[in-house]
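>
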Amino acid sequence: MVLSNSVAAWGTPAFAVTFAAEVQALDPSQLPLQAGLAHSSHVSAETTLTVLVMETAATATQLQVKAGVFYSGVIAGSCCSDDPTPMCEQLEYCTLRFEIDRETANARVMLVDNDNA
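Going by my numbering, the sequence shown opens with residue 39, and the numbers climb by one from there.
Right, dumping it as structure tokens:
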């Protein structure tokens, strides 16, 4: 993934808003959300992301952003064709760490253990 708007906004008051908007515009499958599920079994196909920047840092070569992400998950039913249970979305949250190359804007993202977030 490439986060060029975030690199361009680094060091400005608009960074957090720009970063959140850029990540929220990504396809959720680009993020390790499935591994962050705590209350459901699958990331919802209709999930929308809400991103909150928690911490930022920079080195000479990369920007580092720790962000909280809210999204939706679903609990799979019993898989019976006559199961009347509706698919109920559950609110999920995980903490992600982004490492963004300052020159190319290529980003790596990894799940942060929420117990140590």
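We put the beta carbon where it would ideally sit given N, CA and C, even for glycine.
My guess is that residue 112 and residue 82 are in contact by the Cβ rule of under 8 Å, so how many angstroms apart are they, rounded?
Going by Cβ atoms, the distance from residue 112 to residue 82 rounds to 5 Å, so yes, they are a contact pair.
> Restricting to Cα atoms, I'd like to know which of 43, 72, 148 is closest to residue 109.
Selected option, being the one with the closest Cα: 72.
> Whose C-beta lies closer than 7 Å to the C-beta of residue 64 among residues of the same chain, with five residues either side of it excluded?
So the list reads 39, once near-sequence residues are dropped.
> To the nearest angstrom, how far is it from the Cα of residue 137 to the Cα of residue 51?
Approximately 20 Å, taken between the alpha carbons.
> Reducing DSSP to helix, strand and coil, say where residue 141 ends up.
If DSSP states are grouped into helix, strand and coil, residue 141 belongs with coil.
> So if DSSP puts residue 93 in a beta bridge, which residue, or which two residues, is it bridged to?
DSSP, once it has assigned bridges, lists 104 as partnering residue 93.
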